[in-house]
Amino acid sequence: MPKSDVYKFNFLQIFLGISFILFLAYNMVIALELKYEADGDAWDYIHLGLSVAKTGKYGHLDSSREQLLNDLKYEKIKNTEYNFIGSTAFRPPIWPFLIAGIFLVFGYNLIFVLVFKFLLHLLGVFIFYKTLKLLKLKDILIVIGAFLYGISPAWQLYSRVFLSEPITLFFITLWLYLLIRFVVHKSSWWPQAIIAGVLVLCHPYYIFLPFSIWFILFIKKKLKIKILIFSSVICIAVISVWVIRNFIVMETNEIILTTSSGAVMAKGWNSKVVKNHTNTKGDLADEGLVLKEFEYDKNIGYKEVERMQLYKDATLDFIRSNPELILPIIGKKLLSAFNPFPETPRSGILETGRWLFQFLALLSLIYILFFSRNKLIQSLAIGLILSTIGISILTYSGFRFRMPQAGLEMLFIIFVIDDILKRNKFHFNFKIAKTI
C-alpha cells in the first residue's frame with residue numbers, strides 16, 4: 001500500500017474510532033437516565049438476577065417492582081432480606097445469571113450491569129473484526145464493517161434497556177467467530193459447540209440456528225459428519241443442563257426449555273394472526289385468544305408448567321380445528337419474518353437505520369444465494385433462512401427477536417460488497433489484458 005494510502009487508512013481508523021466512542025457514550029448516557037424505568041420483560045431479567053444473587057434460587061422474590069427498584073436506587077439491596085416465593089422457568093437463564101454475577105462481584109447497582117453490557121459490546125466489535133479478518137476481506141471493509149457493527153441501530157435501540165437481545169448478539173458473534181475459525185483453520189471445533197448451547201440458553205428463538213448451519217456446512221462438505229454429530233451432542237448437552245434443572249425444580253415430566261413457550265406458540269397461532277400479525281408487534285399479541293374456543297376448567301388456578309401446557313394444548317386444538325388457516329398463517333408469518341420494513345409505523349432515525357440495514361441484509365442474502373461461490377458464507381445464509389423459517393412456523397418472528405442476528409446480517413453485507421469489488425476488479429483487469 002502506498003504511503004499516502006496508509007495515511008488515509010490510518011486517518012479513517014482514527015475517525016471511525018472516535019465516532020464509535022461518541023456513539024457509545026451517547027447511548028450510555030441515555031441508558032443511565034432510563035435505568036430505573038425498567039419494566040416488562042426487561043424488569044423480569046433484573047428481578048431474576050436479584051433473586052439468584054440474594055437467595056441462590058432462580059425465581060420470584062416477595063417484593064414488588066417498585067420496591068425493588070427503590071431499593072436499588074437507594075442502595076438498600078445488600079442489607080435487606082427478601083423472601084423467595086417460587087421458582088420459575090419462564091425466562092432463559094444466561095442473562096439473569098450474568099446479572100446475578102455482576103451484583104455479587106461489584107455490588108447491587110444497575111450502573112454495573114450497564115457497564116458490563118457496553119464492555120461486552122466492545123468485545124463483540126473486536127470479535128466481529130477478527131471474524132472479518134478470517135474471511136480475508138479488504139482491510140478498509142473490515143474496519144468499516146466493525147464500525148457499522150459497533151453502531152448498529154438495532155443494538156443502539158436495545159442497549160438502553162435490560163433485555164437479553166444485546167447479550168444474545170454477543171454470543172452469536174462469538175459463536176460465528178469460533179465456527180468460522182474452525183472451518184478456515186481446522187482447529188478446536190468444540191468451543192463453538194459449547195457457545196452454541198449457551199446462545200440457545202440466552203435466547204431460545206435461535207434454537208434451530210446452530211443445527212441448521214452445521215447441517216448445511218455438512219451438505220456443502222465444509223464440515224465432517226463426526227463434527228456435525230459431536231457439535232450437536234455437546235450443544236444439546238449444554239442445553240440439557242437447564243432442562244434437567246427445570247425437570248427437578250419445576251417438578252414436571254415435561255421437557256422444558258422455558259415455560260413461556262406455550263404463550264409464544266399461542267401468540268403465533270390464533271384466529272387474528274392472518275389479519276393482525278406484524279413484524280413490529282408480534283410479542284404484543286394476545287395469547288389468550290386460543291383459550292376462547294378451547295374447553296378447559298376455568299375454576300382452577302394453573303401453575304406455571306400447567307399453564308404452559310394449557311396454551312400448547314389449546315394451540316394444537318386450534319390448528320386441528322382450523323386446517324384452512326394453517327397455510328395462510330404460515331404464509332403471513334414467513335412474509336413478516338423476512339420483511340425488512342416495519343409493518344406498522346416506527347418513528348426515529350434509529351428505526352430508519354434498522355430497516356435500512358435489514359434491507360441491505362436481504363439484498364445481500366439474495367446475492368449470496370444466487371451469485372456467491374463461497375460455500376462457508378452460503379451455508380451461513382441458508383442456515384439462517386432455515387432457522388428463521390422453522391422458528392417462525394413454530395412460534396413467530398419480529399424485529400425484536402431478529403435483533404441478535406444483526407452481526408450475521410452485517411457480515412453478509414460486508415462480504416457481498418467485498419465480493420462485488422473483487423469481481424469488478426477481475427473484469428476490469430481482464431479487459432485491460434485483452435486490450436494489450
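For the sequence shown, UniProt numbering assigns the number 1 to the initial residue and increments by one for each residue that follows.
Glycine included, each C-beta is placed from N, C-alpha and C at the ideal position.
Notebook entry, point to check: Taking buried to mean at least 16 other C-beta atoms within 10 Å of its own C-beta, is T352 buried or exposed?
Noted result: Working through the sequence shown from its first residue, we reach residue 352 at position 352. It is exposed - the Cβ of T352 has fewer than 16 other Cβ atoms within 10 Å.
Check: Could you give the residue range of the beta strand (DSSP E) that holds L61?
Finding: The residue you call residue 61 lines up with position 61 of the sequence shown. Start and end: G59 to L61.
Check: For the region 285 to 303 against the region 223 to 242, are there 3 or more C-beta pairs whose distance is under 8 Å?
Finding: no
Notebook entry, point to check: Do you know whose CA, among F230, E165, K186 and K222, lies nearest L199's CA?
Noted result: For this step, residue 199 is matched to residue 199 along the sequence shown. Selected option, being the one with the closest Cα: E165.
Item checked: Element boundaries [beta strand (DSSP E), containing G86] -> Translated into the one-based positions of the sequence shown, residue 86 becomes position 86. Segment F84 to S87, the beta strand (DSSP E) holding G86.
Next item on the list: Spatial neighbours of K54 within its chain, please: CB distance less than 6 Å, with the 5 preceding and 5 following residues excluded, ordered by chain position.
Entry: As a first step, residue 54 is located in the sequence shown; it is residue number 54 there, counting from the start. Excluding positions up to five away in sequence, the list reads Y82.
Item checked: Straight-line gap, I77 to G101 (C-alpha atoms, nearest Å) -> Sequence index remark: in the sequence shown, residue 77 carries index 77 (1-based). Sequence index remark: in the sequence shown, residue 101 carries index 101 (1-based). Near 15 Å, if we compare the C-alpha coordinates of G101 and I77.
Notebook entry, point to check: What first and last residue would you give for the alpha helix (DSSP H) that runs through K226?
Noted result: Along the sequence shown, one-based indexing puts residue 226 at 226. Here the alpha helix (DSSP H) through K226 covers I225 to V249.
Check: At a cut of 8 Å, does the region 373 to 382 reach the region 392 to 412 through at least three beta carbon pairs?
Finding: yes
Notebook entry, point to check: When burial is assigned at 16 or more other CB atoms within 10 Å of the CB, is I94 buried or exposed?
Noted result: The sequence position of residue 94 within the sequence shown is 94, counting from 1. Buried.
Item checked: Selected residue, minimal CA-CA separation from I21, among I216, V264 and L119 -> Here the question's residue 21 lines up with position 21 in the sequence shown. The candidate whose alpha carbon is nearest that of I21 is L119.
Check: Can you give, in chain order, each stretch of the alpha helix (DSSP H) that sits fully within the region 356 to 404 and has at least 4 residues?
Finding: 375 to 394 and 399 to 402
Next item on the list: Please determine, among R402, L316 and S212, the residue with the shortest C-alpha to C-alpha distance to S232.
Entry: For the purposes of this step, residue 232 is taken as residue 232 along the sequence shown, with counting starting at 1. Minimum Cα distance to S232 is reached at S212.
Check: Is the beta carbon of I256 less than 9 Å from the beta carbon of L334?
Finding: Along the sequence shown, one-based indexing puts residue 256 at 256. Along the sequence shown, one-based indexing puts residue 334 at 334. The answer is no: Cβ separation not under 9 Å.
Notebook entry, point to check: Roughly how many angstroms lie between the CA atoms of L16 and I144, to the nearest whole one?
Noted result: Taking the sequence shown and counting its residues from 1, the one referred to as residue 16 is at position 16. Taking the sequence shown and counting its residues from 1, the one referred to as residue 144 is at position 144. Their Cα atoms are separated by approximately 8 Å.
Next item on the list: Taking 9 Å as the cut-off, decide whether the C-beta atoms of L68 and I46 are in contact.
Entry: One-based indexing of the sequence shown puts residue 68 at position 68. One-based indexing of the sequence shown puts residue 46 at position 46. Yes, the pair counts as a contact, with Cβ atoms nearer than the cut-off.
Check: What are the start and end residues of the alpha helix (DSSP H) that includes Y311?
Finding: Your numbering for residue 311 matches position 311 in the sequence shown. E304 to S321 is the span of the alpha helix (DSSP H), which, as asked, contains Y311.
Note to self: Quick check on the DSSP output: the alpha helix (DSSP H) that includes V290 runs from which residue to which?
What the structure shows: Counted from its first residue, the sequence shown places residue 290 at position 290. Run containing V290: none; DSSP gives neither H nor E here.
Check: From which residue to which residue does the alpha helix (DSSP H) around A100 run?
Finding: Your numbering for residue 100 matches position 100 in the sequence shown. Element bounds for A100: I94 to F106.
Notebook entry, point to check: Does DSSP put L179 in a helix, a strand or coil?
Noted result: As a position in the sequence shown, residue 179 is number 179, starting the count at 1. Helix, per DSSP.
Check: By Cβ distance below 6 Å, which residues in the same chain neighbour N339 in space, the five residues on each side in sequence not counted?
Finding: In the sequence shown, counting from the first residue as 1, residue 339 sits at position 339. Answer for N339: N279, listed in chain order.
Notebook entry, point to check: How would you call N299, buried or exposed, if buried means at least 16 neighbouring beta carbons within 10 angstroms?
Noted result: As a first step, residue 299 must be located in the sequence shown, where it is residue number 299. Exposed, because fewer than 16 other Cβ atoms sit within 10 Å of the Cβ of N299.
Check: Roughly how many angstroms lie between the CA atoms of K224 and A193, to the nearest whole one?
Finding: One-based indexing of the sequence shown puts residue 224 at position 224. One-based indexing of the sequence shown puts residue 193 at position 193. Near 14 Å, if we compare the C-alpha coordinates of A193 and K224.
Check: In whole angstroms, what is the alpha-carbon distance linking S87 and M250?
Finding: Within the sequence shown, residue 87 is the residue found at index 87, counting from 1. Within the sequence shown, residue 250 is the residue found at index 250, counting from 1. Taking the straight line from one Cα to the other gives about 7 Å.
Notebook entry, point to check: If you compare alpha carbons, which of Q156, K312, V113 and E306 is closest to I30?
Noted result: Within the sequence shown, numbered from 1, the residue matching residue 30 stands at position 30. The shortest Cα separation from I30 among Q156, K312, V113 and E306 belongs to Q156.
Check: What first and last residue would you give for the alpha helix (DSSP H) that runs through V113?
Finding: Here residue 113 corresponds to residue number 113 of the sequence shown, with the count starting at 1. Segment L110 to L134, the alpha helix (DSSP H) holding V113.
Note to self: Could you give the first and the last residue of the continuous alpha helix (DSSP H) run that contains L22?
What the structure shows: Along the sequence shown, one-based indexing puts residue 22 at 22. Run containing L22: K3 to L34, per the alpha helix (DSSP H) assignment.
Next item on the list: Could you say which of L201, A196 and W190 lies nearest to F230 if we only look at CA atoms?
Entry: The count along the sequence shown starts at 1 and reaches residue 230 at position 230. The shortest C-alpha separation from F230 is found at W190.
Checklist line | Three CB pairs or more closer than 8 Å across the region 419 to 426 and the region 302 to 310 | finding: no
Notebook entry, point to check: Which class does Y74 belong to by DSSP, given the choice of helix, strand or coil?
Noted result: Counting from 1 along the sequence shown, the entry for residue 74 is found at position 74. DSSP places Y74 in coil when its eight states are reduced to three.
Notebook entry, point to check: Can you tell me the Cα-Cα spacing of I18 and K8, whole angstroms?
Noted result: For the purposes of this step, residue 18 is taken as residue 18 along the sequence shown, with counting starting at 1. For the purposes of this step, residue 8 is taken as residue 8 along the sequence shown, with counting starting at 1. Cα to Cα, I18 sits roughly 15 Å from K8.
Checklist line | Alpha carbon of N253 to alpha carbon of G262, nearest angstrom | finding: Translated into the one-based positions of the sequence shown, residue 253 becomes position 253. Translated into the one-based positions of the sequence shown, residue 262 becomes position 262. Roughly 16 Å between the two C-alpha positions.
Next item on the list: Determine the direct distance from the alpha carbon of S372 to that of L421, and round the result to whole angstroms.
Entry: Translated into positions along the sequence shown, residue 421 becomes position 421. Translated into positions along the sequence shown, residue 372 becomes position 372. Using only the alpha carbons, I get a separation of about 13 Å.
Notebook entry, point to check: Which residue's Cα is closest to the Cα of F128: F116, F401, K117 and I142?
Noted result: Along the sequence shown, read from residue 1 onward, the residue named residue 128 stands at position 128. When only C-alpha atoms are compared, the closest one is I142.
Notebook entry, point to check: Grouping DSSP H, G and I as helix and E and B as strand, with all else coil, what is A337?
Noted result: For the purposes of this step, residue 337 is identified with residue 337 of the sequence shown, where counting begins at 1. If DSSP states are grouped into helix, strand and coil, A337 belongs with the helices.
Check: Cα separation between V183 and L289?
Finding: Residue 183 sits at position 183 when you count from the first residue of the sequence shown. Residue 289 sits at position 289 when you count from the first residue of the sequence shown. Their Cα atoms are separated by approximately 46 Å.
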